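Only one structure is covered here, and it is reproduced in the block below.
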Amino acid sequence: KNEVEQSPQNLTAQEGEFITINCSYSVGISALHWLQQHPGGGIVSLFMLSSGKKKHGRLIATINIQEKHSSLHITASHPRDSAVYICAGGSSNTGKLIFGQGTTLQVKP
Amino acid sequence: NAGVTQTPKFRILKIGQSMTLQCTQDMNHNYMYWYRQDPGMGLKLIYYSVGAGITDKGEVPNGYNVSRSTTEDFPLRLELAAPSQTSVYFCASSYSIAGSTDTQYFGPGTRLTVL
Chain U
1 KNEVEQSPQN
11 LTAQEGEFIT
21 INCSYSVGIS
31 ALHWLQQHPG
41 GGIVSLFMLS
51 SGKKKHGRLI
61 ATINIQEKHS
71 SLHITASHPR
81 DSAVYICAGG
91 SSNTGKLIFG
101 QGTTLQVKP
Chain L
110 NAGVTQTPKF
120 RILKIGQSMT
130 LQCTQDMNHN
140 YMYWYRQDPG
150 MGLKLIYYSV
160 GAGITDKGEV
170 PNGYNVSRST
180 TEDFPLRLEL
190 AAPSQTSVYF
200 CASSYSIAGS
210 TDTQYFGPGT
220 RLTVL
């Protein structure tokens, strides 16, 4: 059983919609990472957070340590947001990242 | 800065062949990692290094070897390629341990097929 679970696995949205991707984890973590992977492309770090909320442009990431849950929100979605979004927890025991399976997002014009 | 670079981008191997995936970073990072990404699965850690001369196994090290003779380079060696090693391989680096509050930087990936 993966210790980091994402939902949904696949998501299709219309341009302009508000999007939420969820991440739940069952291990103690010291930091939660959100990553973006474009089709055929590399992986880019979007956010790293250990508490509260972070915002960058149209992207917002939140984390609730007590509930072991994080969300990634995209406001006013655009087709260029189409990518795989990956949640990863940094284990407070080992210091290594534990990755979720990823959420494939397609934003249609 | 070029960041993290990987070569080759694509490779097809026959069963039993060997090859080395190259990874170089120019950010003077102490920590380097090799991951594999299989369809529908999360990234899995193969090996990692905390500095030149120091390497350790990750979750899925069988069939692979690594070395770290310099801060910049962290090659991954496949000795006897098997179809189960068909995957996309990512190298990454970070200044401190990525599971803490440090960003991890990824290379563009190497798509390997073993037939």
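Note that the protein sequences, when read in sequence, are chains U and L. Quick note, in this note's numbering, the first sequence goes up one by one and the last residue is 109. Quick note, in this note's numbering, the second sequence goes up one by one and the last residue is 224. C-beta atoms are modelled at their ideal positions from N, C-alpha and C, and glycine is treated no differently. In this text the structure is predicted, and so the values were computed from the model without any measurement.
message: Give me the chain L residues within the contact set of U/Gln101, using Cβ-Cβ distance strictly less than 7 Å, ordered along the chain.
response: Going along chain L in sequence order, the residues near U/Gln101 (Cβ under 7 Å) are Gly149, Met150 and Gly151.
Spatially closest choice to U/Glu17 from U/Gly102, U/Cys23, U/Ala76 and U/Ile98, by CA coordinates: Measuring from the Cα of U/Glu17, the nearest candidate turns out to be U/Ala76.
task: Quickly, what does DSSP pair L/Tyr157 with across the bridge? List them, please.
output: Residue pairing by DSSP puts L/Tyr157 in a beta bridge opposite L/Tyr142 and L/Asp165.
- request: Check whether the Cβ atoms of L/Thr212 and U/Ser45 lie closer than 8 Å to each other.
  value: In this structure, L/Thr212 lies near U/Ser45, with their beta-carbon atoms less than 8 Å apart.
- prompt: Given that U/Gly42 touches chain L, what residues does it touch there, using C-beta distances under 7 Å?
  reply: Those are Phe215, Gly216, Pro217 and Gly218, listed as they occur along chain L.
field: Of the listed residues U/Gln14, U/Ala13, U/Ile21 and U/Glu15, nearest to U/Ser7 (C-alpha basis)
entry: Comparing Cα-Cα distances from U/Ser7 to each of U/Gln14, U/Ala13, U/Ile21 and U/Glu15, the minimum goes to U/Ile21.
- prompt: What span of residues does the beta strand (DSSP E) with L/Ile124 cover, start to end?
  reply: Boundaries cannot be given for L/Ile124, as no beta strand (DSSP E) includes it and DSSP labels it neither H nor E.
query: Leaving out five residues before and five after U/Gln14 in sequence, what residues of the same chain have Cβ atoms less than 7 Å from its Cβ?
result: Within the same chain, and ignoring the five residues on either side of U/Gln14 in sequence, the residues whose Cβ sits closer than 7 Å to its Cβ are Lys108.
query: So, does the CB of L/Thr212 fall closer than 8 Å to a CB anywhere in chain U?
result: For L/Thr212, the closest Cβ of chain U is nearer than 8 Å.
- prompt: Apart from the five residues on each side of it in sequence, which residues of its chain come closer than 7 Å, Cβ to Cβ, to U/His78?
  reply: Annotation for U/His78: Glu15 and Val107 place their beta carbon closer than 7 Å to its own, counting only its chain and skipping 5 residues before and after.
- prompt: Tell me which same chain residues have a C-beta within less than 8 Å of the C-beta of L/Asp165, skipping the five on either side of it?
  reply: Counting only Cβ-Cβ distances below 8 Å, and skipping sequence neighbours, we find Tyr156, Tyr157, Ser158 and Val159.
task: Would you identify the three-state DSSP class for L/Arg220, choosing helix, strand or coil?
output: Secondary structure of L/Arg220 (DSSP, three-state): strand.
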